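K.L.:
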Amino acid sequence: MACARQIDRETGGVNWLCIALSVIILFCFGIKTSSADHGKHNLRILVADDVLVDYKRFVDGRDPLEIEVFDGKHSRRDVVEIVLLQQALRRGGWLGAFELLPGGNYARMMHMVANGEADITGSSTWLRDIEHKADRIASSTALIPEGRFEAGFYMLADNPNRLKVKNLRGIRLLRAASNRHWIPDWQALAKLHLVDLIHVPSWELMVQFVAEGRADFLLAPFQPGPEMELVVNGNRLLPIPDYKIALDGSRHFAVTRATPYSQDLLVALDQGIVELERIGRIEQAYRESGFFHPDVADWNMIGSDGFGQSHLMPDHLADDPDNSMQNQIFSLSDITSRLYPETTDF
Numbered sequence: 393m394a395c396a397r398q399i400d401r402e403t404g405g406v407n408w409l410c411i412a413l414s415v416i417i418l419f420c421f422g423i424k425t426s427s428a429d430h431g432k433h434n435l436r437i438l439v440a441d442d443v444l445v446d447y448k449r450f451v452d453g454r455d456p457l458e459i460e461v462f463d464g465k466h467s468r469r470d471v472v473e474i475v476l477l478q479q480a481l482r483r484g485g486w487l488g489a490f491e492l493l494p495g496g497n498y499a500r501m502m503h504m505v506a507n508g509e510a511d512i513t514g515s516s517t518w519l520r521d522i523e524h525k526a527d528r529i530a531s532s533t534a535l536i537p538e539g540r541f542e543a544g545f546y547m548l549a550d551n552p553n554r555l556k557v558k559n560l561r562g563i564r565l566l567r568a569a570s571n572r573h574w575i576p577d578w579q580a581l582a583k584l585h586l587v588d589l590i591h592v593p594s595w596e597l598m599v600q601f602v603a604e605g606r607a608d609f610l611l612a613p614f615q616p617g618p619e620m621e622l623v624v625n626g627n628r629l630l631p632i633p634d635y636k637i638a639l640d641g642s643r644h645f646a647v648t649r650a651t652p653y654s655q656d657l658l659v660a661l662d663q664g665i666v667e668l669e670r671i672g673r674i675e676q677a678y679r680e681s682g683f684f685h686p687d688v689a690d691w692n693m694i695g696s697d698g699f700g701q702s703h704l705m706p707d708h709l710a711d712d713p714d715n716s717m718q719n720q721i722f723s724l725s726d727i728t729s730r731l732y733p734e735t736t737d738f
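Residue numbering for the sequence shown is 393 to 738, as defined by the numbering used here.
(1) I think R449 touches H466, with their Cβ atoms under 8 Å apart; what is that distance to the nearest whole Å?
(2) Can you tell me the Cα-Cα spacing of H573 and I694, whole angstroms?
(3) Apply the 10 Å Cβ neighbour rule to G495 and answer buried if 16 or more other Cβ atoms are within range, or exposed otherwise.
(4) Can you tell me whether G682 is buried or exposed, with buried defined as 16 or more other CB within 10 angstroms of its CB?
(5) Count the C-beta pairs between the stretch 572–590 and the stretch 637–646 that are closer than 8 Å, then say yes if the count reaches three, no if not.
(6) Closest by CA to N559, which one among A549, N551, F545?
(7) By the three-class DSSP mapping on this structure, what secondary structure does M620 have?
(8) When burial is assigned at 16 or more other CB atoms within 10 Å of the CB, is N497 buried or exposed?
(9) Pick helix, strand or coil for Y653, following the three-state DSSP scheme.
(10) The beta strand (DSSP E) that contains V542, what's its start and end?
(11) Do you know how far the Cα of G672 is from the Cα of L435?
(12) I'd like to know whether the C-beta of L438 is nearer than 9 Å to at least one C-beta of chain C.
(13) Buried or exposed, going by whether 16 or more other CB atoms sit within 10 Å of the CB of E538?
(14) Quick one: grab the DSSP three-state call for L586.
(15) Where does D712 sit, in a helix, a strand or coil, going by DSSP?
(16) Can you tell me the Cα-Cα spacing of V443 and D550, whole angstroms?
(17) Using 9 Å as the threshold, is the C-beta distance between V602 and L548 below it?
(18) Give the straight-line distance between the Cα atoms of F631 and V472, rounded to the nearest whole angstrom.
(19) Are the stretch 620–629 and the stretch 583–599 touching by the rule of at least three beta carbon pairs closer than 8 Å?
(20) Going straight from the alpha carbon of L704 to that of I563, what length do you get?
(21) By Cβ distance, which residues of its chain are closer than 7 Å to W518, with the 5 residues on each side in sequence left out?
(22) For S426, does the three-state DSSP call read helix, strand or coil?
(23) DSSP three-state label for P456, please.
(24) Taking DSSP as the reference, what is the three-state secondary structure of N553?
(25) Helix, strand or coil for P613, going by three-state DSSP, please let me know.
(26) Have a look at P618 and A612 and give me their C-alpha separation to the nearest angstrom.
(27) Does the beta-carbon distance from V475 to P456 come in below 9 Å?
(28) Which residues in the same chain have their Cβ closer than 7 Å to the Cβ of A480, if we skip the five residues on either side of it in sequence?
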């Protein structure tokens, strides 16, 4: 600019004040009034199959970026997290479109993100699972901080034993269905020394096990409404009253490191999460979806201490990096670690 090239006639030197003003003007014109645009790539967002079904029912044609109320039918933690993810990305300056892809089960989705087959998980994942693949997956800012994840012991609503549980010993006399790849859930249940703990590869099959009486309960986040009922494929489940369990760890969105724009994606996401936290949107969504349920505040908490008991896993299944046993059903009460013969029926 001409001003920047002026010479101070008295000193014969450069007019530094003019130069400084020119730089400030140029800088100000380059500033955007909102958060910076971090990327225009369309994002591949992985969602568990059953969650994707409920998400579509929950959104019901609405623009997820405009949703400000998170209660109602089909609302639950992992469903509202898909809405929060999209809102966070937009608020963080991401301009690309969002494509929701069915990802199968939890283990498969983590594998796909690690390999760059998708950009990000649509629902939050445990930090320990991200750190296990830290060279290929990055974690967002925490959506659920350490100590905030509580779950209920969900049984069939008409199971008479549900209302007979009066203490921890009563819970220990029950059989649980869970997934060994859901490490916090599995270890929390394993340390209870239940009558039986059965590894079941999918959420819907866990519900089926409970519905058929092959297991007594499963762990699930608390649901919205006064009864906190959970309905899956026509099966109605309710929590055991007065008892809840803490799961150890924090939960984050998992972002692949395999794309050239992954760092920009992470920056945009973290900025958006911070903004949603600032306006109270994340706390609101979890509260209205039932996950942070006020009615369980005074329930007896079974703590998250005593984790990491690897001896509670059969030796030949404890280290299975290729997930070759993912679809096998086994029971920890079976001391011979034999597989259930009916496994192939599913």
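Every residue gets a Cβ at the ideal spot worked out from N, C-alpha and C, and that includes glycine. Just so we're clear, the structure is a prediction, and the values are computed from it rather than from any experiment.
P.N.:
Once the coordinates are examined:
(1) Your numbering for residue 449 matches position 57 in the sequence shown. Your numbering for residue 466 matches position 74 in the sequence shown. Right, their Cβ atoms sit about 4 Å apart.
(2) Stepping through the sequence shown from its first residue, residue 573 is reached at position 181. Stepping through the sequence shown from its first residue, residue 694 is reached at position 302. Looking at the two C-alpha atoms, the distance is approximately 21 Å.
(3) Within the sequence shown, numbered from 1, the residue matching residue 495 stands at position 103. So G495 ends up on the buried side.
(4) Within the sequence shown, numbered from 1, the residue matching residue 682 stands at position 290. Per the 10 Å Cβ criterion, buried.
(5) yes
(6) The residue you call residue 559 lines up with position 167 of the sequence shown. Closest option to N559, Cα to Cα, is F545.
(7) Within the sequence shown, the letter at position 228 stands for residue 620. DSSP places M620 in coil when its eight states are reduced to three.
(8) Position 105 of the sequence shown holds residue 497. Result: buried.
(9) Position 261 of the sequence shown, counted from the start, is the residue given in the question as residue 653. Correct three-state label for Y653: coil.
(10) On the sequence shown, residue 542 is found 150 positions in, with the first residue counted as 1. Reading the sequence as shown, one finds Glu at residue 542 and not Val. Its beta strand (DSSP E) spans residues 542–548.
(11) Position 43 of the sequence shown holds residue 435. Position 280 of the sequence shown holds residue 672. Cα-Cα distance, rounded: 25 Å.
(12) The structure shown contains no chain C; it holds only a single protein chain.
(13) Translated into positions along the sequence shown, residue 538 becomes position 146. Label assigned to E538: exposed.
(14) Start at 1 with the first residue of the sequence shown, and residue 586 comes out as number 194. Residue state, collapsed to three classes: coil.
(15) The sequence position of residue 712 within the sequence shown is 320, counting from 1. Its pLDDT being 44, under 50, D712 is placed unreliably by the model, and nothing is read from it.
(16) Numbered from its first residue, the sequence shown carries residue 443 at position 51. Numbered from its first residue, the sequence shown carries residue 550 at position 158. Near 25 Å, if we compare the C-alpha coordinates of D550 and V443.
(17) Position 210 of the sequence shown holds residue 602. Position 156 of the sequence shown holds residue 548. Closer than 9 Å, so yes.
(18) Here residue 631 refers to the residue found at position 239 of the sequence shown. Here residue 472 refers to the residue found at position 80 of the sequence shown. Looking at the sequence itself, residue 631 is Pro, so the reference to Phe does not match. So the alpha carbons of these two residues sit roughly 21 Å apart.
(19) yes
(20) In the sequence shown, counting from the first residue as 1, residue 704 sits at position 312. In the sequence shown, counting from the first residue as 1, residue 563 sits at position 171. Its pLDDT being 37, under 50, L704 is placed unreliably in this model, and the value from its coordinates should be taken loosely. The straight-line gap from Cα to Cα measures roughly 18 Å.
(21) In the sequence shown, residue 518 corresponds to position 126, counting from 1. Cβ within range, chain order: I575, P576, G641, R643.
(22) Here residue 426 refers to the residue found at position 34 when the sequence shown is read from its first residue. Residue placement at S426 is flagged as unreliable, the pLDDT there being 40, under the threshold of 50; the coordinate-derived value follows with that caveat. Of the three classes helix, strand and coil, the one that applies to S426 here is coil, per DSSP.
(23) The residue given as residue 456 occupies position 64 in the sequence shown. Helix at P456.
(24) Start at 1 with the first residue of the sequence shown, and residue 553 comes out as number 161. Three-state DSSP puts N553 in a helix.
(25) The sequence position of residue 613 within the sequence shown is 221, counting from 1. Reduced to three states, the DSSP call for P613 is coil.
(26) Locating residue 618 in the sequence shown gives position 226, counting from the first residue. Locating residue 612 in the sequence shown gives position 220, counting from the first residue. Whole-angstrom Cα-Cα distance: 16 Å.
(27) Locating residue 475 in the sequence shown gives position 83, where the first residue counts as 1. Locating residue 456 in the sequence shown gives position 64, where the first residue counts as 1. Yes.
(28) Position 88 of the sequence shown, counted from the first residue, corresponds to residue 480. Contacts found: L661, G664, I665, L668.
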